[in-house]
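In what follows, a structure is listed as structure tokens, so that the remarks can point back to it.
Residue numbers (our numbering): 3 to 800.
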């Protein structure tokens with residue numbers, strides 16, 4: 003059997019399927035001849051590779067070996083890597099987080115989970131990871147808009163083209179794995195290929211009857227319940243059916259306290275509830291050609307008493323977990339549906355197709371404090387001011403007094419009501435063939451995608467008296483603050499060829515996208531249409547020095563499109579990048595040690611930064627800010643001497659170290675004094691990209707118990723491109739968004755005790771030393787990470 007075929011078997015059995023493309027390519031399947039099918043039916047299967055205990059729990063034998071010796075009933079979810087071992091097959095950097103990486107510490111915060119991945123930077127906002135701000139290798143981190151984010155290979159952002167800001171992040175705690183791609187290995191995925199790829203792997207349909215239940219109770223009445231049940235049903239004439247039914251719930255009172263007033267006493271309610279059920283079903287018909295059909299429906303219902311308002315720096319140092327009374331009306335309600343139908347087929351041994359039709363819907367209304375109006379000053383005049391100015395002491399601190407409920411004023415509270423829709427169809431094909439001296443795996447895909455965002459916003463005005471009570475409310479007319487629609491039709495195509503010469507593997511690839519954009523403002527009557535053509539691609543390579551050591555590297559051109567309104571009305575250009583990397587991987591034969599070191603350099607042109615509430619630009623408008631250079635080095639390793647020396651217990655160690663220098667390569671072009679990039683000069687640091695990050699962990703696990711420690715350290719970061727430490731914008735006006743965050747180290751501890759083979763008690767502490775630090779100064783003023791959190795729970799497999 004050739005190398006290309008053995009790779010196909012390894013990929014298919016692990017569930018690794020490449021992504022991207024659209025309907026239609028599956029027609030090539032009919033080209034399989036009867037002779038080829040007969041040869042496949044009579045050819046014996048390769049002997050199975052050795053499997054681990056974890057794989058034995060998820061892999062099942064073929065449903066009907068006599069009918070199809072190579073058929074397996076198992077995971078067919080789309081993954082972009084497949085497993086930790088398959089990272090070595092990538093033509094660029096990547097990282098695979100397994101189920102135990104998420105569950106060991108009972109993490110439900112994507113920020114904490116990603117601390118383990120080098121080259122990834124997170125900016126905390128709410129302390130729970132509800133609204134992540136993720137950057138990879140120096141991209142703008144705002145709302146993770148520069149990443150291609152997926153769940154089971156389907157685009158996850160509300161409107162990936164028209165409005166990619168991620169307001170509907172899924173619960174990380176229910177995932178079975180998380181994949182991160184960087185460098186040239188991301189060519190297959192879009193539309194944002196200047197940053198990287200983040201793929202959530204939801205719980206797969208099991209290969210045998212499987213049940214799981216985890217319950218947890220923690221500080222601040224934090225309750226979590228995660229359970230699923232799945233089974234496989236074999237029929238004599240209709241093939242194999244399988245399903246998974248899953249539910250995930252989390253509710254908490256929150257770790258902050260709102261100042262009370264004479265008419266408000268419920269200050270402890272700063273938390274959220276989150277409900278996420280999911281159903282997956284699959285069918286493998288008894289046909290000569292292998293087919294698998296899968297359907298998925300996922301739902302999210304979230305209600306969070308979350309705010310954009312931070313604190314003044316002085317109040318933060320006294321009590322970082324305080325909230326001012328002016329934020330007591332802030333709340334976000336969100337509802338999301340994620341659905342897809344997928345078909346996988348293998349017409350021949352060396353050809354397969356995966357086709358997916360998907361539909362996503364997301365609706366949210368974030369009702370939150372926007373501005374102060376008619377603040378009554380001591381000189382008997384009134385004035386309005388932004389929240390960030392008030393927090394920084396504008397008007398001698400009288401605006402801050404208004405936020406605390408100590409001065410007469412009016413609040414503008416905005417109902418940011420938005421609806422998002424996206425749907426599409428895609429097909430990806432893989433063809434394995436040989437040429438003289440090389441084996442090929444040609445992957446190609448086509449996708450049609452449509453998405454839309456519609457804003458229908460208004461503002462209510464609250465009259466506050468000098469003692470903090472609300473005496474009057476004036477409701478705004480629905481749609482009066484913003485009533486507009488943006489939509490995008492996109493056609494994407496990629497092709498990539500993995501050419502294996504033996505030790506050397508070259509992977510050239512290209513990606514093309516054509517966008518038709520439209521926006522309409524129903525209040526002003528303004529509208530417009532436009533098109534964009536985007537081209538990216540490059541070359542990745544690996545070279546096996548021996549069975550343990552591997553060199554890898556590559557160069558690729560990436561792009562990130564602006565939204566319709568920004569492109570048509572604002573004249574924004576697409577962001578482009580030229581990225582290069584060079585690295586070295588090492589793995590011992592017994593897999594006790596696995597490590598990687600890489601250097602990277604990326605030049606961004608026309609970097610797109612999303613707008614921020616409270617700036618002088620129209621709310622939410624992005625901007626091109628110029629050129630950026632980002633370069634650095636990444637080091638990561640995992641080692642278990644318990645495995646290496648056969649100690650009879652496990653002693654895992656892991657570390658991830660990242661050095662990054664992300665700086666402006668030209669003066670920022672922003673002309674808004676309140677912009678995050680205002681005043682940026684060539685050589686200044688990019689906001690929220692730390693110079694150093696270090697993640698570290700170790701543990702001891704026996705057959706009866708286990709204890710694990712995780713720690714991460716983050717360097718301080720400038721919060722604006724002006725790189726000032728003063729709370730002033732570039733015109734010298736008070737603004738609490740300007741300045742720095744705090745460098746900090748956070749330590750988490752977890753332990754478990756096995757009651758039986760299938761049940762265990764668990765407990766732990768997040769942020770053991772109750773580290774208090776400014777994690778962010780956006781959206782408005784200093785914000786903390788989560789305080790010390792203790793929990794106890796139980797986990798049962800059945």
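Glycine residues also receive a C-beta, built at the ideal position from the N, C-alpha and C atoms.
Do residue i and residue j have their C-beta atoms closer together than 9 Å?
i, j, result
"residue 195", "residue 628", "no"
"residue 460", "residue 488", "no"
"residue 696", "residue 743", "no"
"residue 177", "residue 217", "no"
"residue 526", "residue 520", "no"
"residue 801", "residue 501", "Residue 801 lies beyond the range of the chain shown here (3 to 800); nothing can be said about it."
"residue 419", "residue 480", "yes"
"residue 768", "residue 791", "yes"
"residue 639", "residue 596", "yes"
"residue 665", "residue 636", "no"
"residue 237", "residue 243", "yes"
"residue 602", "residue 632", "yes"
"residue 782", "residue 312", "yes"
"residue 463", "residue 476", "yes"
"residue 93", "residue 393", "no"
"residue 211", "residue 233", "yes"
Between which residues of its own chain and residue i is the CB-CB distance below 6 Å, once the five residues before and five after are set aside?
i, result
"residue 546", "505 and 552"
"residue 13", "Summary for residue 13: the model assigns pLDDT 32, below 50, so the residue's position carries little reliability; its value from the coordinates is reported in the next sentence. Result list for residue 13: empty, nothing under 6 Å."
"residue 713", "698 and 749"
"residue 197", "138, 141, 148 and 149"
"residue 201", "82, 152 and 181"
"residue 158", "151 and 152"
"residue 298", "282 and 342"
"residue 496", "22, 190, 447 and 513"
"residue 247", "231 and 281"
"residue 348", "292 and 354"
"residue 554", "544 and 585"
"residue 303", "277 and 337"
"residue 362", "340 and 424"
"residue 421", "365 and 456"
"residue 125", "135, 143, 690 and 778"
Could you name the residues of the same chain whose beta carbon sits closer than 8 Å to that of residue i, not counting the 5 residues immediately before and after it, in chain order?
i, result
"residue 591", "549 and 550"
"residue 805", "Nothing about residue 805 can be read from this structure; the chain reaches only from 3 to 800."
Take the Cβ of residue i as the centre, count every other Cβ of all protein chains shown within 10 Å, and call the residue buried at 16 or more, exposed below.
i, result
"residue 113", "buried"
"residue 564", "buried"
"residue 111", "buried"
"residue 173", "buried"
"residue 794", "exposed"
"residue 316", "exposed"
"residue 412", "buried"
"residue 33", "Reliability of the predicted coordinates at residue 33 is poor, the pLDDT of 35 falling under 50, and the value obtained from them is presented with this limitation in mind. Exposed, since its Cβ has fewer than 16 Cβ neighbours within 10 Å."
"residue 322", "buried"
"residue 470", "buried"
"residue 78", "For residue 78, the pLDDT reaches just 49, beneath the cut-off of 50, and the residue's location in the model is therefore unreliable, although a value from the coordinates is still provided. Classification for residue 78: buried."
"residue 492", "buried"
"residue 685", "exposed"
"residue 368", "buried"
Based on the DSSP output, what are the partners of residue i in its beta bridges?
i, result
"residue 375", "412"
"residue 462", "415"
"residue 310", "Looking at the DSSP assignment, residue 310 forms no beta bridge with any residue, so it has no partner."
"residue 258", "In DSSP, residue 258 forms no bridge with anything."
"residue 156", "153"
"residue 475", "464"
"residue 454", "423 and 489"
Suppose the cutoff is 7 Å on Cβ atoms and the five residues either side in sequence are ignored; what does the same chain contact list for residue i look like?
i, result
"residue 406", "261, 326 and 327"
"residue 162", "193, 424 and 453"
"residue 373", "386, 388, 389 and 414"
"residue 416", "370, 372, 459, 461 and 483"
"residue 106", "710 and 752"
"residue 611", "142, 144, 624, 625, 627, 678 and 679"
"residue 727", "741 and 742"
Whole beta strand (DSSP E) elements within the region 196-242, 3-residue minimum: Those beta strand (DSSP E) runs which fall completely within the region 196-242 and span 3+ residues are 198-204, 212-220 and 224-236.
Any beta strand (DSSP E) of 3 or more consecutive residues that is wholly inside the region 673-743: 694-703 and 707-716
Every unbroken beta strand (DSSP E) within the region 86-122, with a cutoff of 3 residues, ordered by chain: Entirely contained in the region 86-122, the beta strand (DSSP E) runs reaching 3 residues are, in chain order, 96-99.
Residue ranges of each alpha helix (DSSP H) within the region 544-619, 4 or longer: 566-570
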